Amino acid sequence: MKIREISQLLDAKLYTGEEMLDREVHNGFSCDLMSDVLAYAENEAVLLTGLVNPQVIRTAEMMDIVCLVFVRGKEPTEAMIKLAEERSIVIMSTDKRMFTSCGILHDAGLKSGDE
Amino acid sequence: MEPMILEYTVSADDFSGAGEASGDVKKTLKSLGFPPEVIRRVSVAMYEAEINMVIHARGGKITVEISPDEIRVCCEDVGPGIPDIDLAMQEGWSTASDKVRGLGFGAGMGLPNIKKYTDYLDIKTVVGQGTTLTMSVAV
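Taken in sequence, the protein lines are chains A and B. Here the first sequence is numbered in this note's numbering, starting from 1 and rising by one per residue. Here the second sequence is numbered in this note's numbering, starting from 1 and rising by one per residue.
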C-alpha cells in the first residue's frame with residue numbers, strides 16, 4: 001500500500017515526507033511499546049502508535065520503518081519532526097483511534113507481518 | 001585486515017539522545033555496504049543495549065569493531081549490575097520504573113531482543129560495580 005493511500009484513508013495530517021508519499025509499505029504494526037516493536041515489527045512497515053516521544057523515531061530508524069502514524073490526534077514535537085526528516089521517515093497524525101485506524105487499513109488490504 | 005573501531009560515550013542525562021550511537025553505527029554499516037539484515041540486527045541489538053545503559057546504568061561506553069565477517073559490540077557500564085541474569089533474560093521480566101515504561105520501554109524485552117538478534121552474547125556483571133555486555137553478529 002502506498003503511504004499516500006494510508007494518509008487518505010485515515011484522513012491524516014502530514015508532518016514530514018511529502019516527497020515520499022508514493023513509497024510502498026509492505027505491512028502494518030500497531031503498538032505503544034517500543035520494545036515489542038523492536039521484537040516483532042517487519043521491514044518497510046507502517047507503525048501506528050499512541051506513544052509520542054523521540055524514541056519512537058529512533059525505534060523506527062532501527063527497524064527500517066518508513067512511516068509513522070500517531071493515533072487519537074496526538075501530535076509530534078518539533079524535535080521529533082526534525083529527527084524524522086533527517087532519517088527520511090514519514091510522520092502523520094490521525095484523529096481516529098488505534099483500533100479504528102488498524103481496521104480501516106486492514107480492510108483496504110494492508111496486512112500484518114504474520115498473516 | 002584490521003577491524004574498524006568506533007567508540008561512543010552514552011550519556012544517561014538525556015533520554016531523547018539514547019539511540020544516537022546506534023543510529024551512527026547503522027549509517028556507517030550502510031555506507032560500508034553490509035547486507036540490510038545484518039545492519040538491522042546489529043543496530044536493534046545495540047539500540048536495546050544503549051537504552052538499557054541509559055535507564056539502568058547511568059550511561060557508559062560502547063566500542064564497535066567492524067570486520068568484513070563480523071560486527072562486534074562491547075557495552076561497558078558502571079551501573080548497579082544484574083543480580084540474576086537468568087531472570088533478566090526472561091521475556092517480560094523487568095525492574096524498570098513506571099517513568100521508563102511510560103516512555104515505551106522497560107517491558108522486559110531488552111536482553112531477550114539482544115539475544116534474538118545476535119549470534120553471540122556474553123554478559124559479565126558484578127552487583128554494585130557494573131555490567132559488560134559483548135555481542136556479535138556474523139556477516
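Heads up, the beta-carbon is just placed ideally off N, CA and C, and yes, glycines get one too. The structure presented is a predicted model; accordingly, all values stated were derived computationally and were not measured.
With respect to chain B, the C-beta atom of A/N53 has a partner C-beta closer than 7 Å. Any Cβ of chain B closer than 7 Å to the Cβ of A/M62 would place that residue at the interface, and such an atom is present. B/R101: member of the alpha helix (DSSP H) spanning D98 to G102, first to last residue.
In this structure, A/M62 and B/K26 form a Cβ contact; the two beta carbons are roughly 7 Å apart against a cut-off of 8 Å. Closer than 7 Å to the CB of A/R58 there is at least one CB belonging to chain B.
Interface criterion not met: the Cβ of B/V42 is under 7 Å from no Cβ in chain A. Fewer than three pairs of CB atoms, one per stretch, sit closer than 8 Å, so the stretch 30-38 of chain B makes no contact with the stretch 50-62 of chain B. Collapsing the DSSP output to three states places A/I89 in coil. CA-CA distance, B/P83 to B/E65, rounds to 28 Å. Contact between the stretch 87-94 of chain A and the stretch 12-25 of chain A is established, with three or more Cβ pairs separated by less than 8 Å. Counted as a single uninterrupted DSSP element, the stretch harbouring A/S112 is not any alpha helix (DSSP H), since DSSP gives it neither H nor E. C31, D32, L33, M34, S35, D36, V37, L38 and A39: these are the residues of the stretch 26-40 of chain A whose beta carbon lies less than 9 Å from some beta carbon of chain B, given in chain order. Judged by DSSP in its simplified three-state form, B/E48 adopts helix. Bridge partners of A/N27 according to DSSP: A/A45.
Collapsing the DSSP output to three states places B/F34 in coil. Annotation: A/C31 to B/P80 spans about 30 Å, alpha carbon to alpha carbon.
For A/A79, the chain B residues whose Cβ falls inside 9 Å of its Cβ are S16, in order along the chain. Annotation: Cβ neighbours of B/K26 in chain A (cutoff 9 Å, chain order): E61 and M62. Bridge pairing for B/S67: B/E70 [DSSP]. Looking from the CA of A/M20, the closest CA among A/D11, A/G28, A/K2 and A/N27 belongs to A/K2. The DSSP-derived three-state label of B/E2 is coil. Sorting A/V52, A/L105, A/V71 and A/V66 by C-alpha distance to the C-alpha of A/A79 places A/V52 at the top.
At a C-beta separation below 8 Å, B/Y47 has these neighbours in chain A: L38, R58, T59 and M62.
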